Each structure stands twice: as C-alpha cells, then as structure tokens.
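Undergrad:
Numbering (my numbering), first residue to last: -10 to 253.
(1) Quick one, which of 154, 26, 247 and 226 has its alpha-carbon nearest residue 175's?
(2) Which residue wins for smallest C-alpha separation from residue 187, given the options 206, 231 and 224?
(3) Restricting to Cα atoms, I'd like to know which of 239, 55, 182 and 138 is closest to residue 193.
(4) Could you pull out every residue in the same chain whose Cβ sits closer than 8 Å to the Cβ of residue 169, ignoring the five residues on either side in sequence?
(5) Of the choices 179, 200, 252 and 207, whose alpha-carbon is the least far from that of residue 216?
(6) Counting beta carbon pairs with one atom in the stretch 4 to 18 and one in the stretch 74 to 86, are three or more of them shorter than 8 Å?
(7) Quick one: using the 10 Å Cβ neighbour count with 16 as the cut-off for buried, is residue 26 buried or exposed?
(8) Of the residues 77, 228, 148 and 135, which one's Cα is nearest the Cα of residue 167?
(9) So, is residue 249 buried or exposed, given that buried needs 16 or more other C-beta atoms within 10 angstroms?
(10) Leaving out five residues on either side along the sequence, give the residues of the same chain with a beta carbon under 6 Å from the beta carbon of residue 62.
(11) Nearest by alpha-carbon distance to residue 251: which of 200, 35 and 34 is it?
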C-alpha cells in the first residue's frame, strides 16, 4: 500500500465527492491524473457521502448481510458503523475533486501528489456522477480571495470582541434565593421583588445556631435567603413573580446555613 496515498491532504480550494471503491491490487499508478483522489479511510466515516446503491455494493464486498427491507440509507449506515475486516485494508475510496472557487485559474492551484484516475477501476466498479452527497463540500462557490475589511466591519468586530470580554459576561455571583453562582449578566437586584419573598418562609428547614445543648431549637424568622448577596437570578425572579417557590431555592429544604469558623 503506497504511503503517499495514505497520507492524503485535502486541498482547501476543492470539494470532494464520492467516486468509487476499488481494491489496492487493481490500482494502476501509471494512470494517475489530477481529477481524482485515492485514500484509505474507514467506510463508516465516508459512508454518509456514499449513495445507497454504492453502499449496497460495498457491504457485499465486506460480506455484511443486508435484508431487502433494510436498504434505506440509515439502515445501511447502521450496518457499517464500527465495521472492521480484512477487505477494509484491501480497498480504497476514490474521491472526485471539484473546484470550490469558481473562476479560479487552474494554474494557481498546486497539483496534488495524491491523485488517481478511474481508468483502473474494473467494469463492475465504474464510477457514476453523484450530484448530491459530498464530502467537505460548500453549498455554493465563495469569492476567493475575500475582499479586505472596510472600516464598518472592523468597528463591528472590535465592538463585539470588547463586549465578549466585558467582566459582566464571565464574572459570577450568588443568587439570594438559590445561592447558586450565576453570571452577572443574568442577575439583577432583588429589592424589586423582595415584597414577594413571603412564599420563601419555611420554619422546618432552618435553625438558629446554638452554643449550648440546653438552648431551644428555633427557626430563623422570615424568608430563607442568602444574606450575603442582594442579587437574584432570572430563573428565581420568574418563579417568584409567578408565586412559585423556585426548584433550587434555599427554602425548598436546601438551606444549610453558614459554616462555623470552628468547622471551616
């Protein structure tokens, strides 16, 4: 198996369409041309770009049984998923090179050293022109080279970059209702909804710290909130506005209180 055909590089100025499948033994290096590319690649990787009729032929080569009722593209791809056998090493995939940038002179493209022709294919393996499934293909030709940026585009890129690096986009703080770390961009002041915090009262899940076992067990009065922050996340704000206790609220039996210094 020639090493130069195994270490294939895809040229960025081309898209590649499935063109054939043939044994290494049938490869005639003297017939290599510029319009095709050969490479050794697992069939389950290249499978989505192969037409269903070719997949049936390839499965027959690999002796993978296919029922008449399982000839849809999805069933054929499922049959070759993770497949590995000796014919996998004896066969190569032939890809057709199609210029990606229309109007690009062929003299500007350096000829690939990894190329082949379809003339070596046996009669039963003649390639067909497949118009739809492609590998590494673009929907439409792109202008190449692209035009330089104008001042408006430069300003847009700079503004978006500055906005993405603003501290509020990645800095976090705790929510007073659920105490979970949340990006500052998703937090707001809780004073605007604190009059609705009556639904966050729950005497059964809090307890005032005791310094002696003889002291009575007493709950913390009022709404159960994190007193170290005055911010509230969007999720908790929405639930409180609807009159619901947020799923992750401290009042939903998730309160643990501050850790004493002796245990810190």
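Just so you know, even glycine gets a beta-carbon here, dropped at the ideal spot from N, CA and C. Just so we're clear, the structure is a prediction, and the values are computed from it rather than from any experiment.
TA: Quick look at the numbers:
(1) Counted from its first residue, the chain shown places residue 175 at position 186. Of the residues 154, 26, 247 and 226, the one whose Cα lies closest to the Cα of residue 175 is 226.
(2) Counting from one through the chain shown, the residue named residue 187 turns up at place 198. Among 206, 231 and 224, the Cα nearest to that of residue 187 is on 231.
(3) Here the question's residue 193 lines up with position 204 in the chain shown. If you compare the alpha carbons of 239, 55, 182 and 138 with that of residue 193, the shortest gap goes to 239.
(4) Within the chain shown, the letter at position 180 stands for residue 169. The beta carbon of residue 169 lies closer than 8 Å to those of 163, 222 and 237 in the same chain, with the five residues before and after it left out.
(5) On the chain shown, residue 216 is found 227 positions in, with the first residue counted as 1. Nearest option by C-alpha distance: 179.
(6) Judged by pairs of C-beta atoms under 8 Å, the stretch 74 to 86 touches the stretch 4 to 18, as three or more such pairs exist.
(7) On the chain shown, residue 26 is found 37 positions in, with the first residue counted as 1. Buried: at least 16 other Cβ atoms inside 10 Å.
(8) On the chain shown, position 178 is the one that residue 167 refers to. If we check each option's Cα against that of residue 167, 228 comes out closest.
(9) For the purposes of this step, residue 249 is identified with residue 260 of the chain shown, where counting begins at 1. Exposed: under 16 other Cβ atoms inside 10 Å.
(10) Here residue 62 refers to the residue found at position 73 of the chain shown. Listed in chain order, the non-local C-beta contacts of residue 62 below 6 Å within the same chain comprise 41, local neighbours out to five positions each way being set aside.
(11) Taking the first residue of the chain shown as 1, we reach residue 251 at position 262. Of the residues 200, 35 and 34, the one whose Cα lies closest to the Cα of residue 251 is 200.
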